[in-house]
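Enquirer: Start counting at 1 in the sequence shown, then tack on 1049, and there's your number in the working numbering.
Before I ask anything, let me first share the structure, which is written out below as structure tokens.
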Amino acid sequence: MKGLWNGWKNAASRRSFLTRGMAAGGALWSSRLHAAATFGSGDLTKGDAAILRFAAAAEILETDLWIQYNELGGIQDKEVPGGSGNPAYTAALQMLDSDMAQYIHDNTDDEITHFTFLNAYLASKGADPVNLDSFRTLPGSKATGSSGSPRLTNLMQLTLDTSWWTRYRSGANNPDLDHFVFPQAIPGLFQGQFPAIPRTDDDLTPAKHLQAIANTAGFHFATIEQGGTSLYPAMAQRASSVEVLRVLVSIGPTEAMHFQTWQDKAGNAPPLTDPTNGLTFPDLNSPPFDTETFQTNLIMPEPCPFLSRLLPPCSVVRPTNTDEAAMGVVKFLTDMGLFIGQTPAFFTLLQDLAKAADSARRRVG
């Protein structure tokens, strides 16, 4: 992961790049920054500021992808505006759960509040907030219901690592302690590039193709949120300020709530094979998958080795190893295809933020 890093020439250019264009956020953003400035003052350590900036960037990216899902398959309202819904896609998502639209809306709203709060908190401490608006250049869906707005993320060429499914069902292995390769729940998603939203109205038929897109979305929801579930406790171990620690350990558990919700819904994905590309969603409760490694209703984290195999197993979030955690997230999202089409400058900035967060060291006293 270290080879991915390309640093900025100087800190001044980085500061300018992070903050320019904030006025484009409109009056609401300005008012929130003003309110934050009156909340309180006090310097953050360089490491704490870097941790929070990376978290803010990650939440901005999450918000971008969730807004795309909400425009097409969620609930469009004053809390989460944009788009007008796609009835066929929404119906396909509801095959996973009848309340999918509400869950998508609420997850989207949560992520909006996360990045808004983190940026406001940074500003209240005199630190640079994060703005990625200059990178909103990717074309989004052209299907009915999409706003057509330019995007930060690409949901139309995803390669999903669904090994989290078996990782959280394993009682023998923990990625923090060994290099065990956990099996994929949906091997096909790890072997190609697939849309998780309809690209155009042509994707609305045949029915099994559209359902495969919705199934991909269902697994993508959980894949994204399990990443956040691990990121926050990993970064919290590097925080120096008790208040920054409180911020991280208060936001992190909401990601775990999201993950468990979406893991449960992904298990309801109808078994099928997409007739247009051969992508197969197997029945995870039938042979050869009918074991506890794949059983769909086992959504609680199985107790596993933690810290040392000399200690008894414990039900925990995993991984939470803090070494290069932020750079690991950048690699995870990049390998997923989420940034296909982005510019070299985007990757440079994201890697810069990640390296700074990974360089933070906890100060005591």
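C-beta atoms are modelled at their ideal positions from N, C-alpha and C, and glycine is treated no differently.
Please state whether DSSP places L1360 in a helix, a strand or coil.
Expert: Position 311 of the sequence shown, counting from 1, holds the residue named residue 1360. Three-state result, L1360: coil.
Enquirer: Assuming L1181 contacts L1201 under a Cβ cut-off of 8 Å, what Cβ separation, rounded to an integer in Å, is found between them?
Expert: For the purposes of this step, residue 1181 is taken as residue 132 along the sequence shown, with counting starting at 1. For the purposes of this step, residue 1201 is taken as residue 152 along the sequence shown, with counting starting at 1. L1201 and L1181 do touch by the CB rule: their CB atoms are close to 6 Å apart, below 8 Å.
Enquirer: Helix or strand or just coil, what does DSSP make of R1200?
Expert: Your numbering for residue 1200 matches position 151 in the sequence shown. R1200 falls in the strand class under three-state DSSP.
Enquirer: Classify N1317: buried if its beta carbon has 16 or more other beta carbons within 10 angstroms, exposed otherwise.
Expert: For the purposes of this step, residue 1317 is taken as the residue at position 268 of the sequence shown. Burial call: exposed.
Enquirer: Identify, in the order they occur along the chain, each residue of the same chain with its Cβ nearer than 7 Å to the Cβ of R1410, setting aside the five sequence neighbours on each side.
Expert: Within the sequence shown, residue 1410 is the residue found at index 361, counting from 1. The answer, listed in chain order, is G1096, R1287.
Enquirer: Can you round the beta-carbon distance between M1272 and I1235 to whole angstroms, since I take them to be within the 8 Å contact cut?
Expert: The residue labelled residue 1272 in the question sits at position 223 within the sequence shown. The residue labelled residue 1235 in the question sits at position 186 within the sequence shown. The sequence shown places Thr at residue 1272, not Met. About 10 Å; that fails the 8 Å criterion.
Enquirer: Which same chain residues end up closer than 7 Å to P1224 when comparing Cβ atoms and leaving out the 5 residues on each side of it in sequence?
Expert: Taking the first residue of the sequence shown as 1, we reach residue 1224 at position 175. Excluding sequence neighbours, P1224 sits near R1216, R1367, P1368.
Enquirer: Identify every residue that forms a DSSP beta bridge with F1330.
Expert: As a position in the sequence shown, residue 1330 is number 281, starting the count at 1. L1321, per the DSSP bridge assignment.
Enquirer: If you run the structure through DSSP and keep just helix, strand and coil, what is L1398?
Expert: Within the sequence shown, residue 1398 is the residue found at index 349, counting from 1. If DSSP states are grouped into helix, strand and coil, L1398 belongs with the helices.
Enquirer: So, does the stretch 1347 to 1359 touch the stretch 1273 to 1283, judging by three or more C-beta pairs under 8 Å?
Expert: Result no; under three Cβ-Cβ pairs closer than 8 Å.
Enquirer: Alpha carbons only, please: which of T1325, T1094, I1116, P1255 is nearest the one belonging to A1243?
Expert: As a first step, residue 1243 is located in the sequence shown; it is residue number 194 there, counting from the start. This sequence places Phe at residue 1243; Ala is not what is there. Of the candidates T1325, T1094, I1116, P1255, the one whose C-alpha sits nearest the C-alpha of F1243 is T1325.
Enquirer: Note down the Cα distance separating K1051 from A1394, rounded to an integer number of angstroms.
Expert: By one-based count along the sequence shown, residue 1051 stands at place 2. By one-based count along the sequence shown, residue 1394 stands at place 345. Confidence at K1051 is low in this model, with a pLDDT of 33, below 50, so its placement is unreliable and the value that follows should be read with caution. Rounded to the nearest angstrom, the two C-alpha atoms are 17 Å apart.
Enquirer: Nearest by alpha-carbon distance to W1311: which of S1173, G1175, Y1152 is it?
Expert: For the purposes of this step, residue 1311 is taken as the residue at position 262 of the sequence shown. Considering only alpha carbons, the answer is Y1152.
Enquirer: Could you check if W1311 belongs to the surroundings of the ligand NAD, using beta carbon to heavy atom distance under 7 Å?
Expert: Looking for the ligand NAD in the displayed structure turns up nothing, as the structure carries no ligands at all.
Enquirer: What residue range does the alpha helix (DSSP H) around Q1286 cover?
Expert: By 1-based counting over the sequence shown, the position of residue 1286 is 237. Q1286 -> no alpha helix (DSSP H), and no H or E assigned at all.
Enquirer: Since F1243 sits in a beta bridge, which residues does DSSP pair it with?
Expert: Within the sequence shown, numbered from 1, the residue matching residue 1243 stands at position 194. Answer by DSSP bridge pairing, in chain order: L1207.
Enquirer: By the three-class DSSP mapping on this structure, what secondary structure does F1184 have?
Expert: Within the sequence shown, numbered from 1, the residue matching residue 1184 stands at position 135. Here F1184 sits in helix by DSSP.
Enquirer: Short of 8 Å in beta carbon distance, which residues of its chain neighbour Y1138, apart from the five on each side in sequence? Order them along the chain.
Expert: Locating residue 1138 in the sequence shown gives position 89, counting from the first residue. For Y1138, where only same-chain residues beyond five positions count, the Cβ hits under 8 Å are L1121, G1122, A1192, G1194, I1246, P1247, L1253, L1259, I1262, A1263.
Enquirer: Who pairs with F1355 in a beta bridge, going by DSSP?
Expert: Here residue 1355 is taken as the residue at index 306 of the sequence shown, counted from 1. Answer is S1357, bridged to F1355.
Enquirer: When you compare only the Cα positions, how much space is there between A1285 and E1274?
Expert: The sequence position of residue 1285 within the sequence shown is 236, counting from 1. The sequence position of residue 1274 within the sequence shown is 225, counting from 1. So the two alpha carbons sit approximately 17 Å from each other.
Enquirer: Please state whether the Cβ-Cβ distance between A1315 and G1267 is less than 8 Å.
Expert: For this step, residue 1315 is matched to residue 266 along the sequence shown. For this step, residue 1267 is matched to residue 218 along the sequence shown. Closer than 8 Å, so yes.
Enquirer: Just verifying my parser: in three-state terms, what is the DSSP assignment at G1075?
Expert: Here the question's residue 1075 lines up with position 26 in the sequence shown. Residue placement at G1075 is poorly supported in this model, since its pLDDT is 42, which falls under 50; the coordinates still yield a value, given next. It is helical.
Enquirer: Tell me which residues share the same chain as G1131 and place their Cβ nearer than 8 Å to its Cβ, disregarding the 5 neighbours each side in the sequence.
Expert: Indexing the sequence shown from 1 puts residue 1131 at position 82. Result list for G1131: I1116, N1119, E1120, Q1125, S1196, S1198, in chain order.
Enquirer: I'd like the list of long-range same chain contacts for D1323, defined as Cβ closer than 7 Å, with 5 residues on each side in sequence excluded.
Expert: Sequence index remark: in the sequence shown, residue 1323 carries index 274 (1-based). Excluding sequence neighbours, D1323 sits near K1257, H1258, A1261.
Enquirer: To the nearest angstrom, report how far apart A1405 and D1146 are at their CA atoms.
Expert: Walking along the sequence shown from the start, residue 1405 turns up at place 356. Walking along the sequence shown from the start, residue 1146 turns up at place 97. A1405 and D1146: Cα-Cα distance of roughly 40 Å.
Enquirer: R1295: buried (16+ other C-beta within 10 angstroms of its C-beta) or exposed?
Expert: Locating residue 1295 in the sequence shown gives position 246, counting from the first residue. So R1295 counts as exposed.
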